[in-house]
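Inspection log for the structure reproduced underneath, given as structure tokens.
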Amino acid sequence: MSSAEHRSGAYAEAFSESIEHPERFWLKAAEAVDWVDAPTRALDDSAAPMYRWFPDARVNTCFNALDRHVAAGRGDQAALIHDSAMTGVTRTYTYAELLDQVSRFAGVLAAQGITAGDRVVVYMPMIPEAAIAMLACARIGAVHSVVFGGFAAAELAARIDDAEPTALITASGGLEPGRTIEYLPIVERALGLTDRAPATIVVKDRAQIPGSAADHDGWLDWDAAIADATPADCVPVAATDPLYILYTSGTTGKPKGVVRDNGGHAVALAWSMRNIYDIGAGQVMWTASDVGWVVGHSYIVYGPLLVGATTVMYEGKPVGTPDAGAFWRIVAQHGVRALFTAPTAIRAIRKEDPDAVELAKYDISTLTTLFAAGERLDPDTYEWASTKLGVPVIDHWWQTETGWAICANLRGLEPMPIKAGSPTVSVPGYLVQVVDAEGTEVEAGAEGNIVIRLPLPPGTLAGLWRDEQRYVKSYLSTFPGHYLTGDSGYIDADGYVFVLGRSDDVINVAGHRLSTGAMEAVVARHAAVAECAVVGIRDELKGQRPSGYVVLKAGADIDHEVLRTELVAMVRDQIGAVATFRDVTVVQALPKTRSGKILRKTMRQIADHEDYTVPSTIEDPAVLDALAKLLGPGA
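For the working numbering, count along the sequence shown from 1 and bump the result up by 147.
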């Protein structure tokens with residue numbers, strides 16, 4: 148079944164048209180973009196499954212994000228607000244000011260001989276120059292590849308090896324609570340590990356962190372270079388030309404370079420801003436993420452600017468910079484209408500301030516919606532945020548590969564009733580289905596593999612960088628005619644999609660397939676639990692058994708054995724005795740990536756005493772070390 152069955156109204160109409168008449172639907176959506184050569188057709192399926200959108204069009208993404216708004220007379224409107232809790236400085240760039248900076252830095256790149264199609268690696272902290280560098284690349288048709296600031300040298304080198312960039316843009320370092328991370332020594336090591344070192348290195352010197360371009364022969368200082376630069380004009384590119392490469396970890400150890408095109412990307416994000424997030428020109432959106440992640444690409448930089456909104460870029464944490472009221476201060480200070488963050492940030496705030504005392508200090512009346520993505524929004528966190536904030540809390544589901552939401556509650560098109568635990572319905576353009584191991588679609592309510600019927604809509608990955616075979620093998624070969632999301636779940640009788648977790652998070656307990664995500668949802672409802680993870684570990688008798696790890700709320704006073712007994716009873720009551728849920732370990736923190744995803748696979752490897760590699764994306768390696776000591780051999 149599809150999400151639009153048994154429905155009427157704006158959503159059903161849009162969804163139906165997007166699936167049955169995609170050419171008409173997406174050409175109409177393309178009218179929101181200013182084209183150099185407007186498309187006369189939407190989809191090129193001649194090389195299926197390698198689909199291409201708007202094959203006869205030409206466009207410039209930077210022009211759509213900046214120039215056209217200035218030309219329309221809105222140059223004095225705020226485009227980018229940079230709020231740094233780490234330095235205490237807030238700076239606002241108008242559209243005219245941001246256009247000037249981007250044009251100048253594009254001129255810096257052009258003066259170094261960088262042209263359309265060349266790759267540029269951006270290795271930056273959460274400072275305005277990161278967004279300026281991305282937009283400058285888009286302006287001249289160069290392909291940017293943002294690498295999360297602070298990534299290890301070997302990881303940076305691997306991405307340089309694959310992208311073969313002509314330039315690398317970096318800063319002297321990043322600021323974290325209680326520490327600084329010097330980037331230049333990491334860059335030096337990375338350059339020593341690759342034979343693809345770019346000819347041009349540009350460094351933004353930050354006064355708080357040692358190191359500058361002057362310390363390296365031939366490296367350019369950002370401020371000096373931009374002051375002397377001749378502004379560069381926009382370079383038209385084919386809609387099908389790549390805008391950026393964003394690497395995601397691969398199972399083989401080699402990172403997968405997700406390729407996003409220019410035309411489809413602009414159309415999809417402009418459509419999503421109005422129809423999903425209900426944000427338009429002059430309104431303020433804050434995405435509390437990082438430009439190193441796809442969320443930062445889509446909804447810190449490109450999405451808001453494409454529709455003439457004001458975007459907030461935050462350098463800080465949800466707690467500790469300085470307290471659990473940091474998010475609410477930003478909402479109040481900048482008049483944020485829509486806040487987009489990961490559930491882990493809300494859980495962190497709740498853990499430190501369960502009664503929302505800090506929230507009461509701020510007027511957040513401008514906030515109309517809280518959007519969550521990046522991992523499953525558990526019902527308990529949803530209930531807490533909904534109650535305390537008094538606004539709709541919207542879970543939506545998407546991936547690095549898709550670039551924008553697969554499933555959402557479309558607040559600008561047709562708001563729908565919220566079901567805790569569900570990202571609501573398939574977004575127009577995505578025909579989401581649940582299939583069994585043989586690829587047969589299952590009945591409503593039955594769990595299986597979540598897939599998307601091809602073609603994927605505009606804005607999704609055009610493939611993997613220079614690796615079509617890997618793209619097909621990784622995503623398209625398991626269920627022919629469909630994109631494999633790698634997640635399991637079900638669609639209920641109302642068309643609501645429930646994502647239970649990665650397919651490999653489904654464990655087999657004595658022949659019974661059970662979702663650890665469903666168990667987590669039960670454990671998270673306990674009054675003392677701030678957040679939790681359930682992983683499947685080896686069991687000689689049953690094959691696998693679930694093992695739970697919980698972080699307690701601040702001030703929670705409960706005996707650990709009492710907690711275990713209560714949690715076991717809750718899981719038995721709501722999942723069943725077949726789950727054999729008996730193991731509960733209280734930990735100080737769960738190991739996570741910088742984007743907030745819990746490292747469940749690594750936790751399982753530690754619990755099973757297997758060899759494991761510390762992921763390059765880890766937020767705090769000390770948390771993993773503590774878990775290893777707690778669960779390791781002889782513990």
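Built from N, CA and C at the ideal position, the CB exists for glycine as well.
Predicted model only: the values in this text are computed from it and were never measured.
**Study point:** Exposed unless 16 or more other CB atoms sit within 10 angstroms - verdict on residue 613
**Key:** In the sequence shown, residue 613 corresponds to position 466, counting from 1. A residue is called buried when at least 16 other Cβ atoms come within 10 angstroms of its Cβ; residue 613 does not meet this threshold and is exposed.
Review point. Looking at the unbroken alpha helix (DSSP H) that takes in residue 618, where does it start and where does it end?
Key: On the sequence shown, position 471 is the one that residue 618 refers to. Start and end: 615-618.
**Study point:** Selection from 219, 430 and 467 that minimises the alpha carbon distance to residue 486
**Key:** Translated into the one-based positions of the sequence shown, residue 486 becomes position 339. In this structure, 430 is the residue among 219, 430 and 467 with its C-alpha nearest to the C-alpha of residue 486.
Review point. So residue 550 packs on residue 441, CB below 8 Å; how close in whole Å?
Key: Against the sequence shown, residue 550 aligns to sequence position 403. Against the sequence shown, residue 441 aligns to sequence position 294. With 8 Å as the limit, residue 550 and residue 441 qualify as a contact, their Cβ atoms being about 6 Å apart.
**Study point:** Residue nearest to residue 285 in terms of C-alpha spacing, selected from 313, 225, 216 and 207
**Key:** Here residue 285 refers to the residue found at position 138 when the sequence shown is read from its first residue. Relative to the Cα of residue 285, the nearest Cα in the group 313, 225, 216 and 207 belongs to 207.
Review point. Is the beta carbon of residue 475 sitting closer than 8 Å to the one on residue 509?
Key: Taking the first residue of the sequence shown as position 1, residue 475 is located at position 328. Taking the first residue of the sequence shown as position 1, residue 509 is located at position 362. Yes, the Cβ-Cβ distance between residue 475 and residue 509 is below 8 Å.
Check your understanding: Does the Cβ of residue 254 have 16 or more other Cβ atoms within 10 Å, making it buried, or fewer, making it exposed?
Key -> Residue numbering aside, residue 254 sits at position 107 when the sequence shown is read from its first letter. Taking a 10 Å sphere around the C-beta of residue 254, we find 16 or more other C-beta atoms and assign the residue as buried.
Exercise for review: Can you check DSSP and say which residues form a bridge with residue 588?
Suggested key: Position 441 of the sequence shown, counted from the first residue, corresponds to residue 588. Its beta-bridge partners are 582.
Exercise for review: Please work out which residues of its chain come closer than 8 Å, Cβ to Cβ, to residue 522, disregarding the five sequence neighbours upstream and downstream, and give them in chain order.
Suggested key: The count along the sequence shown starts at 1 and reaches residue 522 at position 375. Cβ within range, chain order: 489, 490, 491, 743, 744 and 745.
**Study point:** Host alpha helix (DSSP H) of residue 457 (start-end)
**Key:** Residue numbering aside, residue 457 sits at position 310 when the sequence shown is read from its first letter. Not the alpha helix (DSSP H): residue 457 falls in the beta strand (DSSP E), residues 457-462.
Exercise for review: Measure how close the beta-carbons of residue 356 and residue 292 come, nearest whole angstrom, since I'm counting them as under 8 Å.
Suggested key: Stepping through the sequence shown from its first residue, residue 356 is reached at position 209. Stepping through the sequence shown from its first residue, residue 292 is reached at position 145. Actually they are not in contact, since the Cβ atoms of residue 356 and residue 292 sit about 23 Å apart, beyond 8 Å.
Point to revise | Continuous alpha helix (DSSP H) assignments of at least 4 residues falling wholly in the stretch 337-378 | key: Secondary structure in the stretch 337-378: the alpha helix (DSSP H) runs of 4 residues or longer, each lying completely within the stretch, are 369-374 in chain order.
**Study point:** Pairwise C-alpha distance: residue 587 and residue 449
**Key:** The sequence position of residue 449 within the sequence shown is 302, counting from 1. The sequence position of residue 587 within the sequence shown is 440, counting from 1. When rounded, the distance between both Cα atoms is 38 Å.
Exercise for review: Check whether the Cβ atoms of residue 331 and residue 358 lie closer than 8 Å to each other.
Suggested key: For this step, residue 331 is matched to residue 184 along the sequence shown. For this step, residue 358 is matched to residue 211 along the sequence shown. In this structure, residue 331 sits near residue 358, with a CB-CB distance shorter than 8 Å.
Check your understanding: With DSSP run on the structure shown, which of helix, strand or coil describes residue 712?
Key -> Residue 712 sits at position 565 when you count from the first residue of the sequence shown. Three-state result, residue 712: helix.
Practice item. Measure the Cβ-Cβ separation of residue 758 and residue 684 and say whether it is below 8 Å. Key: By one-based count along the sequence shown, residue 758 stands at place 611. By one-based count along the sequence shown, residue 684 stands at place 537. With respect to the 8 Å criterion, residue 758 and residue 684 are not classified as neighbours on the basis of their beta carbons.
Check your understanding: residue 209 by DSSP, collapsed to three states: which one?
Key -> Start at 1 with the first residue of the sequence shown, and residue 209 comes out as number 62. Reduced to three states, the DSSP call for residue 209 is helix.
Practice item. Give every residue of the same chain whose Cβ lies closer than 7 Å to the Cβ of residue 535, excluding the five residues on either side of it in the sequence, and list them in chain order. Key: For the purposes of this step, residue 535 is taken as residue 388 along the sequence shown, with counting starting at 1. So the qualifying residues of the chain are 503 and 506.
Check your understanding: With C-beta atoms as the reference, is residue 190 less than 8 Å away from residue 200?
Key -> As a working mapping, residue 190 is identified with position 43 in the sequence shown. As a working mapping, residue 200 is identified with position 53 in the sequence shown. In this structure, the beta-carbon distance from residue 190 to residue 200 falls below 8 Å.
**Study point:** Closest residue to residue 721 among 730, 661 and 738 (Cα-Cα distance)
**Key:** The sequence position of residue 721 within the sequence shown is 574, counting from 1. If we check each option's Cα against that of residue 721, 661 comes out closest.
Review point. Expressed to the nearest angstrom, what Euclidean distance is found between the alpha-carbon atoms of residue 228 and residue 694?
Key: Reading the sequence shown from its first residue, position 81 is the one you call residue 228. Reading the sequence shown from its first residue, position 547 is the one you call residue 694. If I take the Cα positions, the gap works out to 43 Å.
**Study point:** Closer than 8 Å to chain C by CB, residue 471
**Key:** In the structure shown, chain C does not exist; there is a single protein chain.
Check your understanding: Does DSSP put residue 268 in a helix, in a strand, or in coil?
Key -> On the sequence shown, residue 268 is found 121 positions in, with the first residue counted as 1. In the structure shown, residue 268 sits in a strand (DSSP, three-state: E or B).
Exercise for review: Rank 617, 638 and 607 by C-alpha distance to the C-alpha of residue 595 and give the top, closest one.
Suggested key: Mapped onto the sequence shown, residue 595 falls at position 448. Among 617, 638 and 607, the Cα nearest to that of residue 595 belongs to 638.
Point to revise | Run of the beta strand (DSSP E) containing residue 381, from where it starts to where it stops | key: Here the question's residue 381 lines up with position 234 in the sequence shown. Neither: residue 381 is in no beta strand (DSSP E) and is coded neither H nor E.
Practice item. Kindly give me the distance between the Cβ atoms of residue 422 and residue 610, rounded to whole angstroms, as I take these residues to be in contact under 8 Å. Key: Numbered from 1 along the sequence shown, position 275 holds the residue referred to as residue 422. Numbered from 1 along the sequence shown, position 463 holds the residue referred to as residue 610. The distance from the Cβ of residue 422 to that of residue 610 is about 26 Å, inconsistent with a contact at the 8 Å cut-off.
Review point. Nearest-angstrom Cα distance between residue 672 and residue 597?
Key: As a first step, residue 672 is located in the sequence shown; it is residue number 525 there, counting from the start. As a first step, residue 597 is located in the sequence shown; it is residue number 450 there, counting from the start. In this structure, the straight-line span from the alpha carbon of residue 672 to that of residue 597 is close to 26 Å.
Review point. So who's on the other strand from residue 802, going by DSSP bridges?
Key: Any answer about residue 802 is impossible in this case: the structure gives the chain only from 148 up to 782.
Review point. Cα separation between residue 619 and residue 608?
Key: In the sequence shown, the residue the question calls residue 619 occupies position 472. In the sequence shown, the residue the question calls residue 608 occupies position 461. Between the alpha carbons of residue 619 and residue 608 lies a gap of roughly 12 Å.
Practice item. Starting from the C-beta of residue 353, find all residues in its chain whose C-beta is less than 7 Å away, skip the five residues before and the five after it, and write them out in chain order. Key: Residue mapping note: residue 353 aligns to position 206 of the sequence shown, counting from 1. A distance below 7 Å between beta-carbons, with the five flanking residues on each side excluded, links residue 353 to the following residues of its chain, in chain order: 318, 319 and 320.
Point to revise | Which of helix, strand or coil DSSP assigns to residue 166 | key: For the purposes of this step, residue 166 is taken as the residue at position 19 of the sequence shown. Correct three-state label for residue 166: helix.
Exercise for review: Could you give the DSSP three-state label for residue 670: helix, strand or coil?
Suggested key: As a first step, residue 670 is located in the sequence shown; it is residue number 523 there, counting from the start. Helix, per DSSP.
Practice item. Identify which residue in 578, 480 and 177 has its Cα closest to the Cα of residue 432. Key: Counted from its first residue, the sequence shown places residue 432 at position 285. Nearest to residue 432 by C-alpha distance, out of 578, 480 and 177, is 480.
Practice item. Grab me the residues of residue 739's own chain with a C-beta within less than 6 Å of its C-beta, minus the 5 sequence neighbours each way, in chain order. Key: Stepping through the sequence shown from its first residue, residue 739 is reached at position 592. Correct list, in chain order: 745 and 766.
Exercise for review: Output the residue ranges of the beta strand (DSSP E) runs that lie fully inside the stretch 234-303 and measure 3 residues or longer, sorted by chain position.
Suggested key: Scanning the stretch 234-303 for uninterrupted beta strand (DSSP E) segments of 3 residues or longer gives 236-241, 266-270 and 290-293, listed from N- to C-terminal end.
Review point. By Cβ distance below 7 Å, which residues in the same chain neighbour residue 768 in space, the five residues on each side in sequence not counted?
Key: The residue labelled residue 768 in the question sits at position 621 within the sequence shown. Only 761 meet the Cβ criterion.
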